[in-house]
Each structure stands twice: as C-alpha cells, then as structure tokens.
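Numbering (full-length UniProt numbering), first residue to last: 1 to 304.
Step one of this worksheet: look at the structure below.
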Amino acid sequence: MSKTKIVIIGVGAVGATTAYTLLLRERANELVLIDANKSKAKGDAIDMNHGLPFLGRTKVWAGEYEDCRDANIIIITAGAAQKPGETRTDLLKRNAAIFESIMTEVLKYNQDGILLIASNPVDIMSYFSWRKSQWPIQRIIGSGTLLDSSRFRYLIGEELGIDPRSVHAHIIGEHGDSELPVWSLANIAGTRIPFDEETKERIFTNTRDAAYEIISAKGATYYAIALALDRICTAILHDEGAVLNVSTLLQDYHGVSNVYMGVPCVVDRSGVREVLQLEISESERDQLHRSAQKLKELIQSIET
1 MSKTKIVIIG VGAVGATTAY TLLLRERANE LVLIDANKSK AKGDAIDMNH GLPFLGRTKV
61 WAGEYEDCRD ANIIIITAGA AQKPGETRTD LLKRNAAIFE SIMTEVLKYN QDGILLIASN
121 PVDIMSYFSW RKSQWPIQRI IGSGTLLDSS RFRYLIGEEL GIDPRSVHAH IIGEHGDSEL
181 PVWSLANIAG TRIPFDEETK ERIFTNTRDA AYEIISAKGA TYYAIALALD RICTAILHDE
241 GAVLNVSTLL QDYHGVSNVY MGVPCVVDRS GVREVLQLEI SESERDQLHR SAQKLKELIQ
301 SIET
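Okay, structure coming up:
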C-alpha cells in the first residue's frame with residue numbers, strides 16, 4: 001500500500017481513542033492530531049510515540065490545519081460533548097458553529113481527500129460539511145448507523161448465543177432517536193430471527209438508547225465508535241468495496257432525498273461508491289420517511 005496519512009480533528013475521548021486504534025492496527029504511515037487544546041494533542045502524540053517500539057513505524061504528531069494538505073482521510077470528531085440526558089439533536093446548534101470554523105480551515109488545504117465525520121448529530125454535521133465543501137458526495141461520509149448496527153448485531157447475538165459476526169441486521173436512518181431496525185431482513189445464514197414482538201422491542205430499545213446508558217455511567221462513548229471509524233478507514237485505504245451502514249446524501253432512497261442518513265453503502269477508495277437500496281417493508285419505509293423529515297426540520301431550524 002502506498003504512503004497514507006490520516007488527520008484527526010478533535011482529540012477528545014473519541015478522537016484520541018480512534019487515533020490509538022488506528023495506531024495499534026497500523027492503518028497509516030502518518031497520523032496527525034489537531035485540537036483547539038494544542039497541549040492535549042501534543043501530549044497524546046508524545047504518549048503514542050513512546051509505544052512505537054512495540055508496534056510499527058507510524059509517525060504521530062500534533063499538527064495544524066495545514067497538515068491536512070495531503071491527507072488521504074480527515075476524520076472530524078470535534079464538537080461539544082454530549083451531556084447526560086441530552087439527545088444528539090440537542091447538540092445541533094452548539095456544534096454547527098464549531099463545524100463552520102473547522103471546515104473553513106480544512107478547505108484551505110485539502111480538496112482531494114475523504115472527510116469522515118463522527119461529530120454528533122452526525123447526519124446533520126455530514127450534510128453541513130457537504131454543503132460547505134461542495135465536494136462530490138461520495139467523499140463526505142458520516143459514521144452513520146454503523147455503530148448502531150454493530151450494537152444491534154451484538155444484542156441479537158447475545159440473545160441467541162451466536163457470534164455477532166454471523167448476524168446480518170441493519171439499523172438505518174438517523175444516528176439517533178428516530179433510527180429504525182430493519183427486522184424484515186434480519187437473518188442468520190438466511191434464516192429469519194425467531195423473536196416475538198416483545199423481544200424485538202426490547203433489543204431495539206437497548207440498541208437505540210445504548211449511548212444514553214453509557215454516557216450516564218461514564219460520561220462518553222468512545223471505544224466502539226473508534227472501532228467503527230477504523231473499519232471505515234480500512235475499507236477506504238484497502239479499496240475493499242465493503243458494505244457498511246454509513247451516512248451519505250440520499251437521492252430517491254424509497255422516496256427520501258436531499259438528506260444524509262445511515263444506510264448500507266459500498267465503501268472503497270473513492271468513498272461511498274454505491275448506495276444499496278434495501279427491500280424494506282411498508283412500515284419500515286414509513287419510519288424511514290419520519291426519520292428523514294425530522295432531520296430536514298432540524299437542518300431548516302439552523303438555516304433560517
């Protein structure tokens with residue numbers, strides 16, 4: 001693989017854990033940490049570099065926006081932290097202003113990389129990034145419902161005593177309260193999952209509300225999202241063509257258009273190469289439309 005460079009903007013819990021995950025898995029030759037708190041970014045870089053004798057030859061440093069210049073992937077995790085009891089959508093106005101300043105700086109130095117957005121509300125932040133950059137939509141990717149789908153698969157596997165990697169199930173829509181489970185297509189080796197409605201509701205509720213439980217317990221979620229971001233980076237850097245539930249701009253997806261949402265997408269070195277249209281049920285389609293409408297109303301509330 002040719003020389004690769006990943007920049008992480010925002011070195012809080014999510015950004016730092018993502019950097020550490022990428023370092024452990026040797027995903028890039030160069031890993032740049034950018035944060036408004038320059039001392040924190042420098043400290044994290046020094047700490048990681050001290051472990052390099054146990055790993056490979058990744059170069060890690062605390063940088064400036066100009067270091068985005070030749071980055072393959074720019075991961076944005078910066079933003080106001082989600083407070084206990086606060087919904088992702090409550091973060092919107094606080095994070096929109098932060099994102100405006102970040103995107104202005106990034107666009108000065110990079111026009112060819114892939115932007116991977118993880119800041120919440122991720123679908124709206126991804127949409128704003130696309131609007132600001134006017135880059136091709138395939139190169140502005142949100143982490144979407146990849147983590148939600150992972151949580152969903154884990155909980156189904158736990159219920160059945162089956163390896164979650166063998167569970168095929170999707171959460172789509174908003175990464176947030178209006179997301180929906182695609183039970184109509186959930187399966188294990190092509191076999192429908194034998195849950196009654198009560199079990200389905202319990203598993204989905206635990207999936208949807210997982211972040212609130214974790215935030216209440218320890219203040220933030222960062223391990224699993226770091227692994228999700230690493231998975232997306234791997235698909236891009238290795239040109240995998242992997243199917244991942246990331247957030248992208250939808251155009252006539254079951255009648256939904258002009259909004260970023262998490263759906264299954266083919267991800268390769270170009271970013272989102274293709275959007276896969278699931279054959280969902282009528283009820284699921286209605287839920288998807290409600291989720292899209294919620295996101296559009298939130299976007300409109302900021303733009304007006």
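C-beta: ideal position from N, C-alpha, C; glycine also.
Membership of K3 in any beta strand (DSSP E) is not indicated, and neither H nor E is assigned to it by DSSP. With a minimum length of 4 residues, the unbroken runs of alpha helix (DSSP H) contained wholly in the UniProt domain "Lactate/malate dehydrogenase N-terminal" (4-142) fall at 13-24, 38-49, 92-109, 122-133. Taking 3 residues as the shortest admissible run, the UniProt domain "Lactate/malate dehydrogenase C-terminal" (145-302) contains the following complete beta strand (DSSP E) segments, listed from N- to C-terminal end: 242-250, 259-268, 271-275.
Here P181 is buried: its Cβ has 16 or more other Cβ atoms, across all protein chains shown, within 10 Å. The residues A186, in chain order, have a CB closer than 8 Å to that of R192 in the same chain once the five nearest residues on each side in sequence are set aside.
Contact between the segment 45-64 and the segment 89-102 is absent, with fewer than three C-beta pairs closer than 8 Å. With a 10 Å radius around the Cβ and a threshold of 16 neighbouring Cβ atoms, A97 comes out exposed.
The shortest C-alpha to C-alpha distance from H168 to any of G176, H175, E179, R151 is the one to R151. With contacts defined by Cβ atoms closer than 7 Å, I141 and W130 do not form a contacting pair. Taking a cut-off of 8 Å on C-beta distances, the segment 242-252 does not touch the segment 38-45, as fewer than three cross pairs fall below it. Under the Cβ criterion (8 Å, minimum of three pairs), the segment 156-167 does not count as touching the segment 212-223. Relative to the Cα of P136, the nearest Cα in the group L146, I6, L115 belongs to L115. The alpha-carbon separation between L229 and Q293 amounts to approximately 27 Å. Distance from the Cα of L55 is smallest, within the candidate group R69, D148, I73, L22, for L22. With fewer than 16 other Cβ atoms from the protein chains shown falling within 10 Å of its own Cβ, T199 counts as exposed. Between L298 and H254, the C-beta gap is not smaller than 7 Å, which leaves the two residues out of contact. The alpha carbon of T205 has as its nearest neighbour, out of S149, I232, V272, T4, the alpha carbon of S149. In this structure, the straight-line span from the alpha carbon of E279 to that of H50 is close to 50 Å. With contacts defined by Cβ atoms closer than 7 Å, L147 and I225 form a contacting pair.
Sequence-distant Cβ neighbours of V256 in its own chain, meaning closer than 8 Å and more than five residues away, are L250, L288, H289, A292.
A straight line joining the alpha-carbon of M125 with that of I8 spans about 16 Å.
Taking the Cα of L237 as reference, the smallest distance to any Cα among N29, Y223, G10, V14 is reached at N29.
Distance from the CA of N110 to the CA of V32, rounded to the nearest whole angstrom, comes to 14 Å. Its chain contains G79, A80 as the residues whose beta carbon lies nearer than 8 Å to that of R94, once the 5 sequence neighbours on both sides are disregarded; these appear in chain order. In this structure, the beta-carbon distance from S281 to S184 falls below 7 Å. Between Q138 and G271, the C-beta spacing is below 7 Å. In this structure, C233 places its C-beta atom within 7 Å of the C-beta atom of R27. The Cβ-Cβ distance between D239 and D268 falls below 7 Å.
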